[in-house]
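Residue numbers (UniProt numbering): 1 to 185.
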Amino acid sequence: MDWGKAEDSVLIKYLKDGNRIAFNAIYFRYAEVLYQYALNILKEPDDCEDVVQNIFIWLWENRQQLQISNLRGYLLAATKFNLTRKIVSSKRREEILSSTFQADPIYEEESLEIKELRSAIFEGIQLLPPKARQIYQLSREDHLSNKEIAARLGISEKTVEAQITISLKKLKTHLGKMSFWIFFL
């Protein structure tokens, strides 16, 4: 069989059976597309490589449970979901959101997605308890280190780390509940 020319549905069938050649064919067919999509948003090659790698690791580890009718769409949706998680946790969140898709009108639909994401993140931040919100904003919006936040607020660095971790989990949970993100799951 010429794996490079095989239909996606055939590759999925063999992938579900644990065929590494089918997995490699999927990887070589889609990894660069996903990487370029991620790079267009994050602008950080190492982060984009991590996103793509995590998608393919997840794909292999969960191959037996896959119910995919459109492999390309599924992988792009997984990329969008992983990018969302990366953006939410990033100290460069505002920079990423403000620069994404501005110059190219071909990405008008994605630009709407970014606006919705920005709105959902803002809403999620507003739902945080006041102290957690303040710590999150000092970290992610004012770009202060945990040490600087601890000194400013008179609390320990461990408290700052814990509050940021809890805030990020709550934001990710909130984004997971947003109806327009269900499409990407």
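Just so you know, even glycine gets a beta-carbon here, dropped at the ideal spot from N, CA and C.
As the structure is a prediction and not an experimental result, all values here were calculated from the model.
Notebook entry, point to check: Measuring CB to CB, does ALA6 end up less than 8 Å from ALA25?
Noted result: yes
Next item on the list: Output the boundary residues of the alpha helix (DSSP H) element that contains TRP58.
Entry: 45-61
Checklist line | Cβ distance (whole Å) where LYS16 is taken to contact ARG72 below 8 Å | finding: Wrong, their Cβ atoms sit about 17 Å apart, outside the cutoff.
Checklist line | Alpha carbon of PHE184 to alpha carbon of GLY4, nearest angstrom | finding: Confidence at PHE184 is low in this model, with a pLDDT of 38, below 50, so its placement is unreliable and the value that follows should be read with caution. Cα to Cα, PHE184 sits roughly 27 Å from GLY4.
Next item on the list: Below 8 Å on the Cβ atoms is my guess for TYR27 versus CYS48; work out the distance and round it to an integer in Å.
Entry: Incorrect: roughly 15 Å between the Cβ atoms, too far for contact.
Notebook entry, point to check: Just to confirm, are LEU175 and ALA120 a CB contact at a threshold of 8 Å?
Noted result: yes
Margin query: Distance check for ILE55 and ALA150, CA to CA, integer angstroms please.
Written below: 35 Å
Margin query: Taking a contact to mean a Cβ-Cβ separation below 8 Å, would you say LYS86 touches LEU42 in this structure?
Written below: yes
Margin query: So, for SER167: in the same chain, excluding its five sequence neighbours on each side, which residues have a beta-carbon less than 6 Å away from its beta-carbon?
Written below: LEU128, ALA132, TYR136
Margin query: Rounded to the nearest angstrom, what separates ARG118 and ASP142 at their Cα positions?
Written below: 17 Å
Notebook entry, point to check: How long is the line joining the alpha carbons of ASN146 and ILE155, rounded to whole angstroms?
Noted result: 10 Å
Check: Is it true that the CB of LEU144 sits closer than 8 Å to the CB of LEU153?
Finding: no
Item checked: Which of helix, strand or coil DSSP assigns to LEU76 -> helix
Notebook entry, point to check: Apart from the five residues just before and just after GLN53, which ones in its own chain have a Cβ nearer than 6 Å to its Cβ?
Noted result: none
Item checked: Three-state class that DSSP yields for ASP2 in the structure shown -> coil
Margin query: Just to check my reading of the structure: TYR37 and LEU76 have Cβ atoms closer than 8 Å, yes? What is that Cβ distance to the nearest angstrom?
Written below: 7 Å
Notebook entry, point to check: Does DSSP classify SER9 as helix, strand or coil?
Noted result: helix
Check: If we ignore side chains and look at the alpha-carbon of each, how far apart do GLU108 and ASN19 end up?
Finding: Its pLDDT being 48, under 50, GLU108 is placed unreliably in this model, and the value from its coordinates should be taken loosely. Taking the straight line from one Cα to the other gives about 38 Å.
Checklist line | Within 8 Å, strictly: CB atoms of ASN82 and VAL51 | finding: yes
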